[in-house]
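**Q** Chains as they are written, first to last, in the numbering used here: chain A, 1 to 180; chain B, 1001 to 1180; chain C, 2001 to 2360; chain D, 3001 to 3360; chain E, 4001 to 4256; chain F, 5001 to 5256; chain G, 6001 to 6076; chain H, 7001 to 7076.
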Amino acid sequence: MKEEIIIAGFGGQGVLSMGKILAYSGLMDGKEVTWMPAYGPEQRGGTANVTVIVSDEKISSPILSTYDIAIILNQPSLEKFESKVKPGGILIYDGYGIINPPTRKDIGVYCIDAMDEATEMKNTKAFNMIVLGGLLKIKPMVAIESVLKGLKKTLPVRHHHLIPMNEQAIIRGGEIIRKQ
Amino acid sequence: MKEEIIIAGFGGQGVLSMGKILAYSGLMDGKEVTWMPAYGPEQRGGTANVTVIVSDEKISSPILSTYDIAIILNQPSLEKFESKVKPGGILIYDGYGIINPPTRKDIGVYCIDAMDEATEMKNTKAFNMIVLGGLLKIKPMVAIESVLKGLKKTLPVRHHHLIPMNEQAIIRGGEIIRKQ
Amino acid sequence: MEKEVLLMKGNEAIALAAIRYGVDGYFGYPITPQSEILETLTLEKPWETTGMVVLQAESEVASINMVYGGAGTGKKVMTSSSSPGMSLMQEGVSYIAGAELPCLLVNVMRGGPGLGTIQPSQADYFQSVKGGGHGDYRVITLAPNSVQEMADFVKLGFDLAFKYRNPALILSDGVIGQMMEKIVLPEQVKRRTDEEVVKQCPWAATGHTKDRKPNWITSLELSPEEMEKNNIRFQEKYKEIEKNEVLYEEIQCEDADYLIVAFGSMARIGSKAIEIAREQGIKVGLLRPITLWPFPKDIISEYADKVKGMLSLEINAGQMVEDVRLTVNGRIPVEHFGRLGGIVPDPDKVVEALKAKIIQ
Amino acid sequence: MEKEVLLMKGNEAIALAAIRYGVDGYFGYPITPQSEILETLTLEKPWETTGMVVLQAESEVASINMVYGGAGTGKKVMTSSSSPGMSLMQEGVSYIAGAELPCLLVNVMRGGPGLGTIQPSQADYFQSVKGGGHGDYRVITLAPNSVQEMADFVKLGFDLAFKYRNPALILSDGVIGQMMEKIVLPEQVKRRTDEEVVKQCPWAATGHTKDRKPNWITSLELSPEEMEKNNIRFQEKYKEIEKNEVLYEEIQCEDADYLIVAFGSMARIGSKAIEIAREQGIKVGLLRPITLWPFPKDIISEYADKVKGMLSLEINAGQMVEDVRLTVNGRIPVEHFGRLGGIVPDPDKVVEALKAKIIQ
Amino acid sequence: MTKEEIISQGTLAYKKPTLLNDTQMHYCPGCSHGVVHKLVAEVIEEMGMEDKALGISPVGCAVFIYKYIDIDWEEAAHGRAPALATAMKRLWNDRLVFTYQGDGDLACIGTGETIHALNRGENITIIFINNAIYGMTGGQMAPTTLMGMKTSTSPFGRDAKLHGYPLHITEIAATLEGTAYVSRQSVESVAAIRKAKKAIRKAFDYSMAGKGSNLVEIVSTCNSGWKMSPEKANEWMKENMFDYYPKGDLKDIGAE
Amino acid sequence: MTKEEIISQGTLAYKKPTLLNDTQMHYCPGCSHGVVHKLVAEVIEEMGMEDKALGISPVGCAVFIYKYIDIDWEEAAHGRAPALATAMKRLWNDRLVFTYQGDGDLACIGTGETIHALNRGENITIIFINNAIYGMTGGQMAPTTLMGMKTSTSPFGRDAKLHGYPLHITEIAATLEGTAYVSRQSVESVAAIRKAKKAIRKAFDYSMAGKGSNLVEIVSTCNSGWKMSPEKANEWMKENMFDYYPKGDLKDIGAE
Amino acid sequence: MAKIRGTIVVNTERCKGCNLCVVACPVHIITLQKEVNRKGYNYAQLINEEACIGCASCATVCPDGCIEVYKIKMDK
Amino acid sequence: MAKIRGTIVVNTERCKGCNLCVVACPVHIITLQKEVNRKGYNYAQLINEEACIGCASCATVCPDGCIEVYKIKMDK
Ligand SMILES: Cc1ncc(C[n+]2csc(CCOP(=O)(O)OP(=O)(O)O)c2C)c(N)n1
Ligand SMILES: Cc1ncc(C[n+]2csc(CCOP(=O)(O)OP(=O)(O)O)c2C)c(N)n1
Ligand code: SF4
Ligand code: SF4
Ligand code: SF4
Ligand code: SF4
Ligand code: SF4
Ligand code: SF4
Ligand SMILES: [Mg+2]
Ligand SMILES: [Mg+2]
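(1) Kindly say whether Leu6020/G, judged by its beta-carbon, lies nearer than 7 Å to any beta-carbon of chain E.
(2) Closest Cβ-Cβ distance between Val6036/G and chain E: below 7 Å?
(3) Do Phe2158/C and Leu2142/C come within 7 Å of each other at the CB atom, strictly closer than that value?
(4) Could you check if Asn2065/C belongs to the surroundings of ligand 9, using beta carbon to heavy atom distance under 6 Å?
(5) For Gly1088/B, which three-state DSSP category applies?
(6) What residues from chain C crowd round Pro37/A, counting only those whose CB sits closer than 7 Å?
(7) CB of Thr5134/F to nearest heavy atom of ligand 2: below 6 Å?
(8) Around the C-beta of Glu2002/C, are 16 or more other C-beta atoms found within 10 angstroms, so that it is buried, or is it exposed?
(9) Quick one: is Asn3316/D near chain C, going by C-beta distance under 7 Å?
(10) Measure the alpha-carbon distance for Lys3355/D versus Leu1027/B and round it to whole angstroms.
(11) Below 8 Å, how does it come out for the stretch 3288 to 3296 of chain D and the stretch 3330 to 3348 of chain D: are there three or more Cβ pairs, yes or no?
(12) Would you please state the rounded distance, in angstroms, between the beta carbons of Gly2072/C and Ala2161/C? I believe it to be under 8 Å.
(13) Answer yes or no: does any C-beta atom of chain F fall closer than 7 Å to that of Lys7003/H?
(14) What I want to know is whether the C-beta of Asn4131/E ends up closer than 6 Å to one or more non-hydrogen atoms of ligand 9.
(15) Classify Val2184/C: buried if its beta carbon has 16 or more other beta carbons within 10 angstroms, exposed otherwise.
(16) Closer than 9 Å, Cβ to Cβ, to anything on chain H: give me those residues from the stretch 5015 to 5034 of chain F, in chain order.
(17) Which residues in the same chain as Pro3224/D place their Cβ atom closer than 6 Å to its Cβ, once the five residues preceding and following it in sequence are excluded?
(18) Going by C-alpha to C-alpha distance, which of Lys2229/C, Leu2156/C and Asn2065/C sits closest to Glu5075/F?
(19) Flag this pair as yes or no: are the beta carbons of Val131/A and Ala143/A separated by less than 7 Å?
(20) Could you check the C-alpha separation between Gln2280/C and Ala2273/C for me, to the nearest Å?
(21) To be precise: take each residue of the stretch 3007 to 3038 of chain D, compare its Cβ to all Cβ atoms of chain F, and keep it if any distance is under 8 Å. Which residues remain?
(22) Along the chain, where does the beta strand (DSSP E) that runs through Pro3084/D open and close?
(23) List, in chain order, every chain F residue whose beta-carbon is nearer than 8 Å to that of Tyr7070/H.
(24) Among residues of its own chain, excluding the 5 on either side of Ala3168/D, which ones have a beta-carbon nearer than 6 Å to its beta-carbon?
(25) Whole angstroms are fine: how far does the CA of Leu7032/H sit from the CA of Gln7093/H?
(26) Does the beta carbon of Lys4038/E sit closer than 7 Å to a beta carbon anywhere in chain D?
(27) Give the interface partners of Met4001/E over in chain G, defined as CB-CB distance under 8 Å, in chain order.
(28) Pull up the CB-CB distance for Thr3050/D and Asn3011/D, whole angstroms please, since I reckon it's below 8 Å.
Structure below.
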């Protein structure tokens, strides 16, 4: 198993930490993982993206030019990365802020209204987890327990009470993701 | 013809300019010349020395480890350079300030009391020229006219009236130099 | 916490490893892509735990001279920067080498020349191994290719630096510095007491006690005869290091017809490339120099008699390839492949280059 | 005054030649053994005659950045320093190369590393030709071996710098800088007017007129794709220079069995050494690279097929010898001989080394 | 009256200076840099110096200012803009030469170049954006960071014992014999912006008149680095920065 | 009473400090450096800090001070002594860490390091030999060179238009929050020497007491660079330097 | 007396939704839109056309120069 | 009353003949020798043994620390 994933969106959307949770989940699952952000000032107020690889084997390059899975959270990122999904790969996007949806036919395109859902749940912090839940529904590359275990490891103890809420969000994400 | 000369003494004794006059004289005589000072802070208040080469042919290295002629104006320089005169070479020293005179037998050793003579001539600036005169007496490597021509070139016009005095000093130097 | 597998950036790993190794002082100035080293250190507050000094200097010139000052007292001190900042340090590095002091430098390279780009690069190879500063000196240069090695080479670097009283450099790049991957941190070691430092470093400026001559930390020697002696001593030391401290990794080299030589992040691309090539039936191995200086000449020279050609894979316009060529000395073809300006080549493209430049 | 033969130091020759060549600005900081360059300029007061700007900067870092600023406006600007000062300039040099600006640098080398000694040395060869700063860049490097060439290479350096919009460096040493010998100064040329500069340098920052886009002098490019394009452009330029601008001198090479390769002051020692060797019946020639970068590869390669061995003669621990070896690529033995720390070797000793290392 | 009528029949009361081109600036929303860019562009336009202005951009968030203001520019090495400016002005006496620098650039790594260019009385202007932090590299401590202020390299607040004291480089500049005009301004309100513009104009005028070197500090916000909304950042600046960095003219040889 | 009797029966009224060893100093006859060396050695002896003192020598004529005063030393890169001192003091809190620097070293190439170390309040002392010239390299202009003064790089006299103004770095130091004691002294007479010694003592005491950073400027002569006899140099200094560089304590937080 | 009417034109694609114009407007007639522009920012818009006095405060403080202000003197 | 008698010992090989002690002596009893030492300097010497009051001015100003001063109180 080896999944090469790009997550891209605005700086404020928690793109990097979503990637981090995914990577940590992989770690908990005993997998090899790499997490490689696009870094630097051009990210300022603009787009942010991170490449996460989860694999059973040692990972060579953490930087990729094409991906198995793209998680796209804004229009500029869609424009940048749609073409870089490998044929047969997967693209998941949040409808909020996407004016022109993806058009490729040779990949699996999924839509998840995580932003709306998070607003509805009155918990914008759940946004991340909803998207992640959607991803894991379609590609169960790590067990949900591993995600929660990872959260436990990374969250400070005083935030551990938030874990059940995160679990809910993951499950909700799995429910609302839909093929375009 | 090629003469490799070291001139060494205290900083204030005009060692560098003596070398310069000699080099300029060579130039006037149509010779190849190089002038290479030992430079830097260790010269400060201490000893100064300059290597002058006058030659009919192109000169390779301006830095030497042995010399045909050494002109020595103080005790530390004598200690440093006596051994570096080539066998058969020449060492000229001013008795003033030399406590232990040179001892080598395989070179021609000459003494010139230029300091005393200059004091007597009431012209300490003539010191240089007296020594030079002594040297040219023993090794007439350049014509005295060339020295004067060189002086004319290098001295500002307002100092040209000093040239006859310098000529005198050169001649005097030739007179007082003596084999040790 | 022991032996716990963590996930962190290469930069963070360096910072945490430095604390655990008992480093005495870090002095640095922010620059992308390595600012997390200083940031992690300030967040960890080691001055409250191990007593390590952490200071944001006013510039890279100040940083390296703080390192010079600290190293001269026998303490374990380090700095980190990225390419433009490293250039500013070259005078200081030359002084440190000339004064024969141990210290650790970290360069998380970015694309140049000039302000360039903040993307990964390996274009400071020459600067690192040939001496970007003036004079004949060498810096022990370690090239980690994983977050784990970023942490491990802190100890390795300091150990070599102290063994030879010579600066050591971790030469990394934006890929290794910014990526997160698995790591097991070394255990916390106690920092040496002042008394231990005095004892271990009798050459250091720690305060002149009656039992010895005053110590002078200096690179100055106006007498050329003495200066030559110093230089001869340096050169002999460098030969010792070349003899004793070469490190490299061989990946599938035993049966190889061709060799890729690559260091740091490029060695990871290279290892992917040899997988692809072997799938295509091309028997290629990867030789990864871990020490860039001393360069693994002997092993490369051995392979020069076994393989048909070598490809030096670098994110630059061809630098290490010169050292490979100098080693191979004409026996087999040696070519370079790389991308420039911060672009990391694809493994496929490496295989293509191998075919086009070496195999054809 | 025309064609008058004068006697002066190499450093003075550079200063006077700069004024006569119509240089627009000199910015420098004192350091032995090259302070006479600035001193001669201030004594000559060219600002009252040609209008040349002469400024003692607050440091070498400031000097090189003044040069960067001035060069970006299309003016002919230069600086000079010696080894430690050159190390401090490496970031700036990398910027200038990255921004593709023409300028002239002068390094009158002294012995390192560190504060070292003020005696002559050639130990900054690597720094000069491999890039002491970060990134893949090259500096056109000229090595004068006489006071006359110190003067002549001011023009040569600027001409090449402007032809390729690339920094040029006169790499000299304490011998050539401090010695006096015969020289004929070039004739005074008129400095370009501002209008001429604007016309000749449409790329320069001279004030944005409506007929063109604003000019940006920068080495920055955050997009790796664009940065790679820049780097490829640089590399192509460097290839052009390597093709067109190689300079060297051959002395008694026609019938040579062995070759000494030496530059700058060492080439003078070398020419004496070949005299001595030929007296002893050894047929040896001298190949003097005048451009150290671009390195005279073709001619050395030719001789590699003719002679039995080469000796690279340098006042350092062996630097140019790597470029000779890279060129020869194993065909014949190539060895190094030199002294260190400011000591200039005797011609006799060179002959001995030739016999011991190459001929035996 | 409809909007369209007002537009077609009324007068244009404000428009960004045309010298500030249409390229989207890379700054974070609400960053002070943008306002100062407008002022610089306006002043150059008003002086009619579009074809004579030579700007020097720093290494810092304003590194790309050259993309936004349509004059000729040089992009300096970190901290060295005053050295570039020195040479440029000496070589081109009739040009308007100015630098635009952040606090890290000017008051930290570039301290030497700043002080010496000012003290030599180079006829240049330094526009100094003091946002008390390293914006571009992600919010590290600057020499101007306030006591107790949290940054990514002083995460527990600036502490004199560990980090020393805020540096008042503008006050130092005012003591230097080479300076002609030294002023400290800000751009959080319309009134402040007007004053800041006047200060920049005076500095540029003095540069061109050969009166000496000029420094205009703009006490600024870096909402990203400070981790506040732009609004909050302005408030915080007023409440905290102005005490450390009092506004007004520190030196004006024309006023003497 | 004969000389021998006075020696054998009387008391020793003055002797160079033993910490100043017997190595011949390389300075020109009459150079101020020598006097200050004696004072530094005397103060360290009096404090009993021979085994705790860490000195940092500059690049400048005093580069070899380590050969003369028998404590441990580091020889810094040109201008960077305060950076070395910063690290050394932070790593060895109970040591007496001081730098000894010339005006070129400290007020020119090292401006940044000087100001930042002082402003961080490093508990160090900087001994600053201001001889208004670059002695070691042969008498070039320094930032502290007086107006009109001739040097090898201002052979027609320092001219504000060409070279800018003398830099008063000690005055700047006094304005920095990190400094504890800032004083300007000289060593041309017995009285001046006594005062200078007291200032050095106070600075060293404050360093050890952790009060902050300390700077003692010694207005000095460089008779070689000035091309005067040592005597004349002292006279010239009194007549010309003291106006530019007035003597006395500029800051003393103990006195506040 | 003459009354001044004004209006503003916001370059909504250039706007970064920083809210500074909103705060600066003396008559509180600017808000940020719920919708985002292509860069993802909630851009500024005038919500009360009638009340604008054309004072240009909004435009003056806008860091990105996104606002043009027009005004006209109306004789009441 | 007690009279103070003093004397000085000059390290003549260390002396650089700078003349500063000569100038500093309040009773003008030091001069430079005509002879030079091994370094070529005309070194300082006391010319009036009787007059020295042991004030140590000479020694204090000597940059090279060449002078030792001894003194003794003599009851007249
Ligand atoms: C020599 C060097 N050191 C460090 C850096 C990294 N760097 C880029 S911008 C910056 C600081 C910018 O801060 P400031 O000058 O305050 O500008 P701001 O971004 O706050 O406007 C630093 C340290 C660099 N590019 N070059
Ligand atoms: C980086 C560098 N630049 C320049 C020099 C040359 N240099 C040596 S000493 C010196 C100036 C010394 O002047 P100052 O600090 O005033 O000391 P002084 O000799 O007057 O006591 C200079 C420029 C150097 N060694 N290193
Ligand atoms: S980081 Fe700060 S200074 Fe930089 S653009 Fe953002 S708000 Fe402005
Ligand atoms: S050059 Fe000046 S400072 Fe240096 S030793 Fe001589 S007198 Fe002293
Ligand atoms: S012009 Fe004035 S009144 Fe109109 S919207 Fe802008 S700030 Fe408000
Ligand atoms: S001030 Fe400008 S950028 Fe900010 S919200 Fe208003 S129009 Fe948009
Ligand atoms: S001790 Fe006083 S009186 Fe005696 S020689 Fe010295 S200065 Fe003169
Ligand atoms: S002061 Fe010292 S060095 Fe000078 S003459 Fe007197 S004894 Fe000699
Ligand atoms: Mg800032
Ligand atoms: Mg000085």
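Every residue, glycine too, gets a C-beta built ideally from N, C-alpha and C. Predicted, not measured: the structure shown is a model, and the values here were computed from it.
**A** Well, looking at it:
(1) yes
(2) The beta-carbon of Val6036/G is placed no less than 7 Å from the nearest beta-carbon of chain E.
(3) no
(4) no
(5) strand
(6) The answer, in chain order, is Gln2178.
(7) The sequence given here places Tyr at residue 5134/F; Thr does not occur at that position. Answer for Tyr5134/F: yes, Cβ within range of ligand 2.
(8) Only weak support exists for where Glu2002/C lies, its pLDDT of 47 falling under 50; the coordinates are left without a value.
(9) yes
(10) Their Cα atoms are separated by approximately 37 Å.
(11) The stretch 3288 to 3296 of chain D is not in contact with the stretch 3330 to 3348 of chain D.
(12) With a Cβ gap of about 13 Å, Gly2072/C and Ala2161/C do not count as contacting.
(13) no
(14) yes
(15) exposed
(16) Lys5015, Lys5016, Pro5017, Leu5020, Asp5022, Gln5024, Met5025, Tyr5027, Cys5028, Pro5029, Gly5030, Cys5031, Ser5032, His5033 and Gly5034
(17) none
(18) Asn2065/C
(19) Against a cut-off of 7 Å, the Cβ pair of Ala143/A and Val131/A comes out as no contact.
(20) The alpha-carbon atoms of Gln2280/C and Ala2273/C are separated by roughly 11 Å.
(21) Tyr3029, Pro3030, Ile3031, Thr3032, Ser3035 and Leu3038
(22) Here Pro3084/D belongs to no beta strand (DSSP E); instead the alpha helix (DSSP H) covers Ser3083 to Leu3088.
(23) Ile5006, Ile5007, Gly5010, Thr5011, Leu5012 and Ala5013
(24) Excluding sequence neighbours, Ala3168/D sits near Leu3104, Ile3140, Gly3157, Leu3160 and Ala3161.
(25) Beyond the ends of chain H as shown, which are 7001 and 7076, falls residue 7093/H; an answer cannot be given.
(26) no
(27) For a Cβ distance threshold of 8 Å, residue set Arg6005, Ile6072 and Met6074 of chain G lies close to Met4001/E, ordered along the chain.
(28) 19 Å between Cβ atoms; not a contact.
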